[in-house]
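Participant: Here it is, the structure, as structure tokens.
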Amino acid sequence: EQNAALSVKGIGIDTEMLNSLSLDNPNFVKRNYTEREIRDCQNKPDPKSSFTGKWCAKEAVVKAISSFASSVGSKIPTTQGAGAPLLDIEIINDEKGVPQVKLEGFAKTVCQQLNIRDVKVSISHSDTYAVAVAACEE
Amino acid sequence: EQNAALSVKGIGIDTEMLNSLSLDNPNFVKRNYTEREIRDCQNKPDPKSSFTGKWCAKEAVVKAISSFASSVGSKIPTTQGAGAPLLDIEIINDEKGVPQVKLEGFAKTVCQQLNIRDVKVSISHSDTYAVAVAACEE
Amino acid sequence: EQNAALSVKGIGIDTEMLNSLSLDNPNFVKRNYTEREIRDCQNKPDPKSSFTGKWCAKEAVVKAISSFASSVGSKIPTTQGAGAPLLDIEIINDEKGVPQVKLEGFAKTVCQQLNIRDVKVSISHSDTYAVAVAACEE
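Protein chains in written order, with our numbering: chain A, 3 to 140; chain B, 3 to 140; chain C, 3 to 140.
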């Protein structure tokens with residue numbers, strides 16, 4: 003089952019400068035990151051870089067889900083608007099260091115409605131920016 | 003039909019600094035962007051950023067088509083050379099804000115010959131550059 | 003056979019500033035690039051950019067392989083640690099200019115064990131950085 007062939011129907015990319023997010027604002031952080039993500043980033047050598055990388059991953063996932071919906075001709079809303087919190091999309095590395103996507107709430111419901119079985123993401127950082135790419139599979 | 007499983011055989015990525023294109027040159031713009039794309043970019047808050055994002059998307063699509071051709075062992079030419087215009091590859095967002103790829107002319111013929119059914123693309127911008135990723139599916 | 007449908011199960015992205023690698027250190031270069039890659043980069047108009055692009059491609063491939071392993075629930079090690087040489091992953095453009103991935107040694111063994119049939123990669127450069135994306139297919 004887990005090994006069954008998947009096929010990509012949605013892709014997303016996002017990039018952000020490391021100084022572009024309001025990471026000094028606790029409300030911003032709580033609106034967009036789970037407690038587990040916050041602990042995870044604060045324990046990294048460069049928390050700002052880790053928070054920004056996760057942000058890019060979340061945005062790339064949103065774009066990949068919307069891309070998937072367009073691809074299958076679905077009319078259901080795939081986002082809750084530009085300012086919607088990204089708390090529903092949790093990005094935590096597994097033991098291999100591979101970022102895993104865990105969906106809750108609205109994002110989870112959308113993926114269930116679209117029959118999206120899996121969302122993959124990869125993240126990279128430089129000194130000045132982060133970038134992430136995501137793919138949605140049915 | 004639209005929901006049939008697709009499989010990715012080609013990927014492409016492109017990035018450009020926001021000041022790297024000759025966007026002040028009307029001939030450059032007309033050679034590479036459709037009238038619909040020009041209107042679309044000029045109506046955006048930051049036209050330079052939008053033009054550069056579409057450029058990256060077009061280049062990423064060209065790379066994904068070439069990647070697909072290599073993947074299936076095809077010897078047909080997939081580009082018309084380094085300076086070829088990108089007018090054949092139109093990038094317009096749908097109502098979900100997902101960039102859609104519309105092919106004409108040479109690019110369309112190549113995709114038909116290679117049995118490429120779908121080309122997906124995603125675009126992101128920062129203050130200084132744009133980046134796009136594309137995938138080709140049969 | 004070559005045309006059989008593939009499905010993506012792993013993705014990777016990597017970006018590096020053009021001045022971030024120890025390319026002036028011959029040991030660094032020999033540890034991470036094959037002789038063919040070194041010749042190839044030295045013959046390019048901007049060797050530093052080419053070396054950095056290939057580095058990003060190699061790192062993106064490592065991430066895509068690890069992503070694939072996580073996706074299929076495999077516990078086998080997919081890397082030899084953070085400082086492991088990238089010599090096993092050779093990136094050479096084909097006659098279409100599409101970067102092709104050739105695996106040797108540890109990387110090749112891992113892909114065989116995971117039944118990864120194909121690894122695709124795409125590379126892009128700006129004046130200041132390079133970025134690459136990779137996908138693994140079974």
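For glycine and all other residues, C-beta sits at the position ideal for the given N, C-alpha and C.
#1: Whose C-beta lies closer than 6 Å to the C-beta of lysine 104/A among residues of the same chain, with five residues either side of it excluded?
#2: Could you run through the stretch 16-27 of chain C and flag, in chain order, every residue whose CB is less than 8 Å away from some CB of chain E?
#3: So the candidates are Gly12/B, Glu37/B, Ala109/B; which of them puts its Cα closest to the Cα of alanine 86/B?
#4: Is proline 28/B helix, strand or coil by DSSP?
#5: For serine 68/C and glycine 12/C, what's the separation of their Cα atoms in angstroms?
#6: Give the range of the alpha helix (DSSP H) segment to which lysine 110/B is assigned.
#7: Are the C-beta of alanine 1/C and some C-beta of chain A separated by less than 9 Å?
#8: Less than 9 Å between CB atoms is the rule here; does alanine 136/B satisfy it with respect to chain A?
#9: Using the C-alpha atoms, what's the distance from glutamate 18/B back to serine 126/C?
#10: Is it right to say lysine 77/C is buried, meaning 16 or more other beta carbons lie within 10 angstroms of its own, or is it exposed?
#11: Taking Cβ-Cβ distances below 9 Å as the criterion, which residues of the stretch 99-129 of chain B are in contact with chain A?
#12: On the CB-based measure, 16 or more other CB atoms within 10 Å of its CB, does alanine 132/A come out buried or exposed?
#13: Between the Cα of alanine 137/C and those of Glu140/A, Ser128/A, Val123/A, Asp129/A, spot the shortest distance and give me the residue it belongs to.
#14: Got a sec, what are the start and stop residues for the alpha helix (DSSP H) lysine 122/B sits in?
#15: Looking only at its own chain, which residues have a Cβ that is under 6 Å from the Cβ of phenylalanine 53/A, when we skip the five neighbours before and after it?
#16: In three-state DSSP terms, what is valine 64/A?
#17: With a 10 Å radius around its C-beta and 16 neighbouring C-beta atoms as the bar for buried, classify glycine 107/C as buried or exposed.
#18: Find the residues of chain C that neighbour glutamine 133/B, judging by a C-beta separation of less than 7 Å, and give them in chain order.
#19: List the DSSP bridge partners of threonine 17/C.
#20: Apart from the five residues just before and just after valine 63/A, which ones in its own chain have a Cβ nearer than 7 Å to its Cβ?
#21: Any idea what DSSP makes of isoleucine 40/C, helix, strand or coil?
#22: Using a Cβ cut-off of 9 Å, pull out every chain C residue sitting near isoleucine 91/B, in sequence order please.
#23: In chain order, what residues of the same chain have a beta carbon less than 7 Å from the beta carbon of serine 73/A, not counting five sequence neighbours either side?
#24: Below 8 Å on the Cβ atoms is my contact criterion, and I expect leucine 116/A with threonine 36/A to pass it. Report the Cβ-Cβ distance as a whole number of Å.
#25: Relative to the ligand NAP, is the shortest distance from any of its heavy atoms to the C-beta of proline 79/A smaller than 8 Å?
#26: Could you check whether the Cβ of aspartate 96/B sits closer than 9 Å to any Cβ belonging to chain A?
#27: Return yes when the Cβ of isoleucine 94/B is within less than 9 Å of the Cβ of arginine 38/B, no when it is not.
#28: How is the beta strand (DSSP E) around asparagine 95/C delimited, first residue to last?
#29: Anything in chain B within Cβ reach of alanine 71/A, meaning under 9 Å, just list it in chain order.
#30: Under the DSSP definition of a beta bridge, which residues are partnered with glutamine 102/A?
#31: In whole angstroms, give me the CA-to-CA distance for glycine 83/B and threonine 111/A.
#32: What does lysine 65/C reach in chain A if we use C-beta pairs closer than 7 Å?
#33: Nearest to leucine 20/A by alpha carbon, out of Glu61/A, Lys56/A, Lys50/A, Phe30/A?
#34: Comparing the C-beta of alanine 86/C with each C-beta of chain A, is any distance below 9 Å?
#35: Just the C-alpha distance for glycine 99/A and lysine 65/C, rounded to the nearest angstrom, thanks.
#36: Check glycine 85/C in the structure and name its three-state DSSP category.
Facilitator: Quick look at the numbers:
#1: These residues qualify, in order along the chain: Glu92.
#2: Of the chains in the structure shown, none is chain E; the protein chains are A, B and C.
#3: Measuring from the Cα of alanine 86/B, the nearest candidate turns out to be Ala109/B.
#4: Reduced to three states, the DSSP call for proline 28/B is helix.
#5: About 7 Å.
#6: 107-115 is the extent of the alpha helix (DSSP H) around lysine 110/B.
#7: Residue coverage of chain C in this structure runs from 3 to 140, which leaves residue 1/C outside it and unanswerable.
#8: At least one chain A Cβ lies under 9 Å of alanine 136/B.
#9: In this structure, the alpha-carbon of serine 126/C lies about 9 Å from that of glutamate 18/B.
#10: Lysine 77/C comes out exposed.
#11: Within the stretch 99-129 of chain B, the residues whose Cβ lies closer than 9 Å to some Cβ of chain A are Gly99, Val100, Pro101, Gln102, Asp120, Lys122, Val123, Ser124, Ile125, Ser126, His127, Ser128, Asp129, listed in chain order.
#12: Label assigned to alanine 132/A: buried.
#13: It is Val123/A.
#14: Looking at the DSSP string, lysine 122/B is not in any alpha helix (DSSP H); the run it does join, the beta strand (DSSP E), is 120-127.
#15: Once the five neighbours on either side are set aside, the close Cβ partners of phenylalanine 53/A are Leu25, Cys43.
#16: Helix at valine 64/A.
#17: Burial call: exposed.
#18: The residue asked about is misnamed: residue 133/B is valine in this sequence, not glutamine. Here the neighbours are Val133.
#19: According to DSSP, threonine 17/C bridges with Val133/C.
#20: Cβ neighbours of valine 63/A within its own chain (closer than 7 Å, five residues either side excluded): Gly14, Ile91, Val103, Val121, Val123, Ala136.
#21: The DSSP-derived three-state label of isoleucine 40/C is helix.
#22: In chain order: nothing, as chain C lies at least about 16 Å away.
#23: Cβ within range, chain order: Lys11, Gly12.
#24: Not confirmed; about 23 Å, so no contact.
#25: No copy of the ligand NAP occurs in the structure displayed, which carries no ligand at all.
#26: So, interface residue.
#27: Yes, Cβ-Cβ distance for arginine 38/B and isoleucine 94/B is below 9 Å.
#28: 91-95 is the extent of the beta strand (DSSP E) around asparagine 95/C.
#29: What alanine 71/A touches in chain B: Lys98, Val100.
#30: Ile94/A, Lys122/A.
#31: Distance from the CA of glycine 83/B to the CA of threonine 111/A, rounded to the nearest whole angstrom, comes to 46 Å.
#32: Ordered by position in chain A, the residues that pass the 7 Å Cβ test against lysine 65/C are Ser124.
#33: The shortest C-alpha to C-alpha distance from leucine 20/A to any of Glu61/A, Lys56/A, Lys50/A, Phe30/A is the one to Lys50/A.
#34: Look at alanine 86/C: its C-beta is not under 9 Å from any C-beta on chain A.
#35: Taking the straight line from one Cα to the other gives about 9 Å.
#36: Glycine 85/C: coil per DSSP, three-state reduction.
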